[in-house]
Amino acid sequence: MKKLPYILIAMRLILAPCILLLAYFGEAEVRFLIVALMYFGLLTDIFDGIIARKIGVSSEKLRRLDSQTDLIFWLSLGFAAYFLNSELIKSEWLGILFIFVMEALCYVVSIWKFGKETCTHAFLSKMWGVSLLIAFTYLIGFQQMGWAFYLAVGLGFISHIDVILIVMLLPQWQYDVPSSYHAWKIRNGKERKKTIFFN
4 MKKLPYILIA MRLILAPCIL LLAYFGEAEV RFLIVALMYF GLLTDIFDGI IARKIGVSSE
64 KLRRLDSQTD LIFWLSLGFA AYFLNSELIK SEWLGILFIF VMEALCYVVS IWKFGKETCT
124 HAFLSKMWGV SLLIAFTYLI GFQQMGWAFY LAVGLGFISH IDVILIVMLL PQWQYDVPSS
184 YHAWKIRNGK ERKKTIFFN
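Residue numbers for the sequence shown follow the working numbering, beginning at 4 and rising by one.
Set out below in structure tokens:
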């Protein structure tokens, strides 16, 4: 049981190249298979943290591995969306570039301050993940962008600002910080780490 969270993370990591290969070599009929794999990957992401806390194996190593696997998983979906809908992606390149810049900025700020990547698992980041799920469902499954894409870009901006604030406010690096408000409370000694484990 103690290995189960790692197995779930590994499954999500394995899904990434599978999704890329399906999108690159497949035809239109692979679209809904990719969407199904995306939802399966989301389930592994939900349950790895729940199980880890339940059996008492949640740790810095596990949470950092989870975060980096999430990044690889969502990037694979982004490239899959491009392979299947290149013209749609090109038409919205500015919003996509903006999100990539914000993501890179989070890493730059965290590595500059702490020498480590971010691993906040913040609430707004999770909301952004839900919006990405909706956006990729529309884009990959139905070849549409519209409101789902703009929602993902808007929430992406807000969630990345929150992560940057968390990093700037924390006196020392730590994982699983739900929001910049919680980081502010930690900075002022009003909340201890053990009270904010969150997934």
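By construction, the Cβ of each residue, glycine as well, lies at the ideal position given by its N, Cα and C atoms.
Y9 and L91 have their C-alpha atoms roughly 36 Å apart.
Between I75 and the set L168, G44, G157, I169, the nearest pair of CA atoms involves G44. Rounded to the nearest whole angstrom, the C-alpha separation of Q147 and E30 is 17 Å. The shortest CA-to-CA distance from D165 to any of S79, Y153, F126 is the one to F126. With 16 or more other CB atoms across the displayed protein chains lying within 10 angstroms of its CB, V170 is buried. In the structure shown, the three-state DSSP call for G44 is helix.
In chain order, L142, Q146 place their CB closer than 7 Å to the CB of N88, counting only its own chain and leaving out the 5 sequence neighbours on each side. Between the alpha carbons of H124 and M130 lies a gap of roughly 11 Å. Spanning the alpha carbons of L23 and G157 requires a straight line of approximately 26 Å.
By the neighbour-count criterion, in which a residue is buried when 16 or more other Cβ atoms sit within 10 angstroms of its Cβ, I167 is buried. When the Cα atoms are used, P181 and V104 turn out to be separated by approximately 22 Å. In the displayed model, Q71 falls within a helix according to three-state DSSP. With respect to the 9 Å criterion, L25 and A83 are classified as neighbours on the basis of their beta carbons. Taking L136 as reference, the option from L78, L172, S94 with the minimal CA-CA separation is L78.
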